[in-house]
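J.:
Protein chains: 2
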Amino acid sequence: MAQSNNVTPLFNDLAKIEHDHVACQDCSLYRLCLPLGLHNNDLTKLDEIITRSQNYKRGQSLFSEENSFKSLYVVRSGSFKTTISTSNGREQVTGFYFPGEFIGLDAIHHELYQSTAKALESSSVCELPYDRLQEIGKEMPQLQIQLLTRLSKELAGDKSLMLLLGKKTSKEKLATYLLSLSKRFHDRGFSATEFQLSMSRGDIANHLGLAVETVSRIFSRFQDEGLISLDGKAISLQEMDRLKALCG
Amino acid sequence: MAQSNNVTPLFNDLAKIEHDHVACQDCSLYRLCLPLGLHNNDLTKLDEIITRSQNYKRGQSLFSEENSFKSLYVVRSGSFKTTISTSNGREQVTGFYFPGEFIGLDAIHHELYQSTAKALESSSVCELPYDRLQEIGKEMPQLQIQLLTRLSKELAGDKSLMLLLGKKTSKEKLATYLLSLSKRFHDRGFSATEFQLSMSRGDIANHLGLAVETVSRIFSRFQDEGLISLDGKAISLQEMDRLKALCG
DNA sequence: CACACAAATTGATCTAGATCATGGATATAA
DNA sequence: TTATATCCATGATCTAGATCAATTTGTGTG
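If you want it as structure tokens, here you go:
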């Protein structure tokens, strides 16, 4: 059966991508993205250094661990995951990224990317070459502040994730995760209760420090209890309040 | 028995703190800290906005979750831990901070601190009021870049910690932790193999997502195997290579 | 210096969630 | 369309590390 269309679509349509060169001014992600608060002149300068990428297909890499760091990326449409690995090959999904969110911020201090970024579905990005960004940033304090704010936000998110990984039970982890997704969809103008999970159960499990089987079981349990309703990748949060209460 | 003196002292003596107003130029932490790369004029301006704090005693808070965000702090001497909590009171130690390291970076995007910072021993800090920092930052791109770099570095560290929390066994966690401490001591000009653990076993356990008892047992095991030698808070890493191999 | 309290160690037991195993559902490709 | 690989769900079993319990050691404080 084909995926039904009664839920929020994946993020493919969020940015206007008919033309490859939508200016930041005209981008529907404007208020979620870096340019917020920049004046027209500055915005134009920023526009000039941005490369709008071709599409990335599901599974395709934006960059890999140990590649040399060159650019930051902002998701324009679709979604990505980032991973890092131990020397003996175990992998941790460190984050999921949706339109308007930055990828690569953890590489700024380094010559090399610290993680691998892969598309979860057909996706596109804006590429910001870091050296040129620094150049124009010298005359745009507001841009620097935006960048700092971005980094700080991601940092705070990662600390919460540490709390989740270190101290929460499997149910609490899943409930917290679903509500975090919900909020991000809502912030992007979509339904807070009905959306598509672009990542696999395996990715979710890995990200939350669980086994796939555990995620499956808890999803089933949540369904039995009427908390959510799940049809493949389409999820609907039926009882936000009870979910919130489950977050710990 | 009193603590023996044959190991690296705690960080109390690292910064020259006889006078409350050591200029950044003269501070022994200079090369680890923010001012790196600033010119003399800029350095003087930075100096002017910094408040050097009185001492914080063991257990004393620098700030608490939900306090309004005002300043960033750099550890001058001693050490701190930061924690965040779930709504029902469970707590996660999100980080330990040593001289030259920044505390509060995750609050920049917010009105409120996202965590609580407590001294682990007698400690002191430099306080950087964030609004004034932004003010002078407008004319000091190098300062902004330093800040960005700091944030990025902490971000990368947190991602590694996610890998640790999500994918490593208890032994691997402890080995990884000890080597991370070792590196940070070494970077500060101290022995990479002999130092004092200023944090309790409980703090370590919490930070690594383990129970205290587990940490105790693994420390004992590591001792039996000749990997480390432990006397209260004083630790000596006897076999760095084997420890490295244990990190996963 | 001795009291009281907090931190650490060690052993015994228990359990949340991992791992193993199987079958069904989905997706991709020729 | 069928082949083939991957993903997902669910049951049975196992185990790493948590929890509980009892000492021991360390550490402020009057």
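Chains as they are written, first to last, in this note's numbering: chain X, 1 to 248; chain G, 1001 to 1248.
Glycine is no exception: its CB is placed at the ideal position from the N, C-alpha and C atoms.
The structure displayed is predicted, hence computed values, not measured ones.
Would you mind sorting H1207/G into buried or exposed? The rule is 16 or more other CB atoms within 10 Å of its CB.
T.: H1207/G should be labelled buried.
J.: For I1235/G, name the three-state secondary structure that DSSP assigns.
T.: Note: I1235/G maps to strand in three-state DSSP.
J.: Would you tell me roughly how many angstroms separate the C-alpha atoms of Y113/X and S85/X, rounded to the nearest one?
T.: Answer to the nearest angstrom: the Cα atoms are 13 Å apart.
J.: Going by Cα to Cα distance, which pick from N55/X, R184/X and E127/X is closest to S71/X?
T.: Checked all of N55/X, R184/X and E127/X; the closest Cα to S71/X is E127/X.
J.: Please name the residue in L105/X, S198/X and G166/X whose C-alpha comes closest to that of L178/X.
T.: Checked all of L105/X, S198/X and G166/X; the closest Cα to L178/X is S198/X.
J.: Can you give me the start and stop residues for the beta strand (DSSP E) that G977/G sits inside?
T.: The structure shown does not extend to residue 977/G, since chain G is modelled only from 1001 through 1248, so no value can be given for it.
J.: From K233/X to Q196/X, what does the alpha carbon distance come to, in whole angstroms?
T.: If you take the alpha carbons of K233/X and Q196/X, they lie about 5 Å apart.
J.: When the Cβ atoms of the segment 217-225 of chain X are set against those of the segment 163-182 of chain X, are three or more pairs found closer than 8 Å?
T.: A contact exists between the segment 217-225 of chain X and the segment 163-182 of chain X.
J.: Out of curiosity, what's the CA-to-CA distance linking S1123/G and T1044/G?
T.: Going by the C-alpha atoms only, they are around 25 Å apart.
J.: Counting only Cβ pairs nearer than 8 Å, list the residues of chain G close to S87/X.
T.: Simply C1247 and G1248.
J.: Please classify R58/X: is it buried, with 16 or more other beta-carbons within 10 angstroms of its beta-carbon, or exposed?
T.: Exposed.
J.: With 8 Å as the threshold, decide whether the Cβ of E983/G is near any Cβ in chain X.
T.: There is simply no residue 983/G to check, as chain G begins at 1001 and stops at 1248 in what is shown.
J.: With H, G and I counted as helix, E and B as strand and the rest as coil, what does DSSP make of Q1092/G?
T.: DSSP places Q1092/G in strand when its eight states are reduced to three.
J.: Quick check on DSSP: helix, strand or coil for P1141/G?
T.: The answer is helix: DSSP assigns P1141/G an H, G or I state.
J.: Which chain X residues are close to K1138/G, counting only those with a beta carbon under 7 Å from its beta carbon?
T.: Ordered by position in chain X, the residues that pass the 7 Å Cβ test against K1138/G are P141.
J.: Report, in whole angstroms, the separation of the C-beta atoms of T169/X and S236/X, which I expect to be a contact under 8 Å.
T.: About 23 Å; that fails the 8 Å criterion.
J.: May I have the straight-line CA-CA distance separating M1162/G from E1154/G, to the nearest angstrom?
T.: Cα to Cα, the separation comes out at about 12 Å.
J.: Under a Cβ-count criterion, where at least 16 other Cβ atoms within 10 Å of its own Cβ denotes burial, should K118/X be classed as buried or exposed?
T.: Looking at its Cβ environment, which holds 16 or more other Cβ atoms inside 10 Å, K118/X is buried.
J.: If you draw a straight line from the alpha carbon of E65/X to that of P1141/G, how long is it in whole angstroms?
T.: The alpha-carbon atoms of E65/X and P1141/G are separated by roughly 28 Å.
J.: Between the segment 1042-1059 of chain G and chain X, which residues of the former have CB atoms less than 7 Å from a CB of the latter, in chain order?
T.: For the segment 1042-1059 of chain G, which is checked against every Cβ of chain X, not one residue is closer than 7 Å.
J.: Per DSSP, which one or two residues make a beta bridge with L208/X?
T.: None; L208/X has no bridge partner.
J.: Output yes if chain G places a C-beta closer than 8 Å to the C-beta of Q92/X; else output no.
T.: Yes, its Cβ sits closer than 8 Å to a Cβ of chain G.
J.: Can you list, in chain order, the stretches of the alpha helix (DSSP H) that have 4 or more residues and sit fully within the segment 127-195 of chain X?
T.: With a minimum length of 4 residues, the continuous alpha helix (DSSP H) runs that stay inside the segment 127-195 of chain X are 130-137, 141-167 and 170-187.
J.: Below 8 Å CB to CB, which residues in the same chain sit around L105/X once its five sequence neighbours on both sides are set aside?
T.: Taken in chain order, the residues that qualify are L72, R150, L151 and E154.
J.: Quick one: which residues of the segment 1162-1190 of chain G get their C-beta closer than 9 Å to a C-beta of chain X? List them in chain order.
T.: Within the segment 1162-1190 of chain G, the residues whose Cβ lies closer than 9 Å to some Cβ of chain X are M1162, L1163, L1164, L1165, G1166, K1167, K1168 and E1172, listed in chain order.
J.: Pull up the distance between the alpha-carbon of E38/X and that of D1231/G, whole angstroms please.
T.: The question names Glu, but residue 38/X is Leu in the sequence shown. When rounded, the distance between both Cα atoms is 57 Å.
J.: With burial defined as no fewer than 16 other Cβ atoms inside 10 Å of the residue's Cβ, what is the status of A1211/G: buried or exposed?
T.: A1211/G should be labelled exposed.
J.: With a cut-off of 8 Å on the beta carbons, I'd call L46/X and V74/X a contact; round off their distance for me.
T.: Not a contact, Cβ separation roughly 11 Å.
J.: What are the residues of the segment 101-127 of chain X that lie near chain G, defined by any Cβ-Cβ distance shorter than 8 Å?
T.: From the segment 101-127 of chain X, only L105, D106, A107, I108, H109, H110, Q114 and S115 have a Cβ closer than 8 Å to chain G.
J.: Which residues in chain X have a C-beta closer than 9 Å to the C-beta of L1032/G? List them in chain order.
T.: Those within 9 Å of L1032/G in chain X number zero; the least Cβ separation is about 14 Å.
J.: Could you spell out the range, first to last residue, of the alpha helix (DSSP H) harbouring K45/X?
T.: Residues N40 to I49.
J.: Quick one: residues in its chain with C-beta nearer than 6 Å to the C-beta of I204/X, no 5 flanking neighbours on either side, listed in chain order?
T.: Answer for I204/X: V215, listed in chain order.
J.: Could you spell out the range, first to last residue, of the beta strand (DSSP E) harbouring A1023/G?
T.: Per DSSP, A1023/G belongs to no beta strand (DSSP E) and is neither H nor E.
J.: Please list, in chain order, the chain X residues whose beta carbon lies closer than 7 Å to that of G1209/G.
T.: Those are L165 and G166, listed as they occur along chain X.
J.: State buried or exposed for L36/X, treating a residue as buried only when at least 16 other CB atoms are found within 10 Å of its CB.
T.: By the neighbour-count rule (16 or more Cβ atoms within 10 Å), L36/X is not buried but exposed.
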